[in-house]
Structures are given as structure tokens and as C-alpha cells.
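Visitor: Got a structure for you, written out below as C-alpha cells; questions coming shortly.
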Amino acid sequence: HIERGPCQCGKCFDAAKNPESKQPNGHTADLTFFKVRKTNSPDAGEFRKLVEKEFPHWLDGKEHSYLETGGDTGDQGLALMAMGLGELLGIWKLSTPNSMVPFLAEEMRMKLAGAGYITIKSKLEGS
């Protein structure tokens with residue numbers, strides 16, 4: 001239900017200059033290293049249940065870095081994609097150097113990302 005790359009819905013890339021900045025919310029998650037998009041209409045409830053079963057601490061309201069989630073899944077790339085999908089489904093907030101400090105040079109944002117500054121923090125139910 002997730003692929004690398006920006007959204008391909010047809011509504012995003014017809015924008016003028018810099019179309020990625022004009023994408024509707026929920027179409028693409030920017031993970032600094034790469035972007036991901038939803039495919040095949042994933043179900044948020046189903047994804048949440050899977051996370052609750054396999055990695056319940058991801059939903060504890062605390063921040064979790066891709067270094068930690070990568071350790072949980074055994075694959076940092078897979079963990080980043082799951083983090084992006086959860087953001088797109090509204091399950092957690094994704095924080096990345098690109099979203100927190102977009103004014104920094106790309107090289108510095110990549111260094112921050114490599115140091116683990118790509119995190120998720122779940123949106124607690126009822127809040």
C-alpha cells in the first residue's frame with residue numbers, strides 16, 4: 001500500500017512551478033532520504049491494528065526515530081516507508097529535517113536525517 005516516490009494521482013503534477021510543494025495534504029510523505037505515496041487505498045484501521053499487534057510502542061505517544069523503528073522491523077528502509085504510510089493515514093505525525101528546518105542546506109538536512117532526526121509521534125485516540 002506504499003511506494004517510493006511522490007504522488008502520481010494526476011492532480012498534483014499539473015501545478016505550475018515546483019508541483020510537489022502544491023500537492024494536497026495526504027498525498028506524499030517526505031522522509032528526507034526519499035518520498036513515499038499511498039497506493040490501492042490503504043485502510044487506516046487495518047494499518048493501526050497491524051502496528052498495535054507488532055509494534056505497539058509506536059503508538060504510545062512518544063517520539064520514535066527511524067533508527068529505533070528500523071531496529072524493530074529489521075530494515076530501516078521498510079521502517080521509513082511504514083512511518084510515511086502512518087503519516088499519510090493520519091495515525092502519527094512525522095517530523096523530518098525537511099519539515100522542521102527546511103531553510104537549512106540540503107547537505108545539513110541529510111546529516112540530521114542520518115543522525116536519526118526522522119521521527120514519528122502517534123496521535124493518541126480521542127485527542
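Position one of the sequence shown corresponds to residue 1 (full-length UniProt numbering), numbered consecutively onward. Glycine included, each C-beta is placed from N, C-alpha and C at the ideal position.
Residue ranges of each alpha helix (DSSP H) run of no fewer than 4 residues wholly in the segment 77–110, ordered along the chain?
Guide: Correct list: 97–100.
Visitor: On the three-state DSSP scale, how would you describe ASP72?
Guide: Locating residue 72 in the sequence shown gives position 72, counting from the first residue. It is helical.
Visitor: If you run the structure through DSSP and keep just helix, strand and coil, what is HIS64?
Guide: Mapped onto the sequence shown, residue 64 falls at position 64. Correct three-state label for HIS64: strand.
Visitor: Taking DSSP as the reference, what is the three-state secondary structure of LYS38?
Guide: As a first step, residue 38 must be located in the sequence shown, where it is residue number 38. It is a strand residue.
Visitor: Measure the CB-CB distance between ASP75 and PHE55 and report whether it falls below 7 Å.
Guide: If you number the sequence shown from 1, residue 75 lands on position 75. If you number the sequence shown from 1, residue 55 lands on position 55. It is not a contact, given that the beta carbons lie outside the stated cut-off.
Visitor: How would you write the range of the alpha helix (DSSP H) that LYS53 sits in, first residue to last?
Guide: The residue labelled residue 53 in the question sits at position 53 within the sequence shown. Counting along the chain, the alpha helix (DSSP H) containing LYS53 begins and ends at 44–54.
Visitor: Kindly list the residues whose CB is nearer than 6 Å to the CB of PHE103, restricted to its own chain and excluding five residues on each side of it in sequence; keep chain order.
Guide: Numbered from its first residue, the sequence shown carries residue 103 at position 103. Contacts found: none.
Visitor: Just the Cα atoms here: how many angstroms apart are THR96 and MET83?
Guide: Here residue 96 refers to the residue found at position 96 of the sequence shown. Here residue 83 refers to the residue found at position 83 of the sequence shown. Each residue's Cα considered, the two are about 11 Å apart.
Visitor: If you follow the beta strand (DSSP E) that ALA115 is in, where does it begin and where does it stop?
Guide: By one-based count along the sequence shown, residue 115 stands at place 115. Where ALA115 is concerned, there is no enclosing beta strand (DSSP E), given that its DSSP letter is neither H nor E.
Visitor: Write down the C-beta distance between THR32 and ASN98 rounded to the nearest angstrom, noting that I regard them as a contact closer than 8 Å.
Guide: Along the sequence shown, one-based indexing puts residue 32 at 32. Along the sequence shown, one-based indexing puts residue 98 at 98. Yes, THR32 and ASN98 are in contact; Cβ-Cβ is about 5 Å, under 8 Å.
Visitor: Taking just the CA atoms, how far does ILE120 sit from GLU52?
Guide: As a position in the sequence shown, residue 52 is number 52, starting the count at 1. As a position in the sequence shown, residue 120 is number 120, starting the count at 1. Looking at the two C-alpha atoms, the distance is approximately 15 Å.
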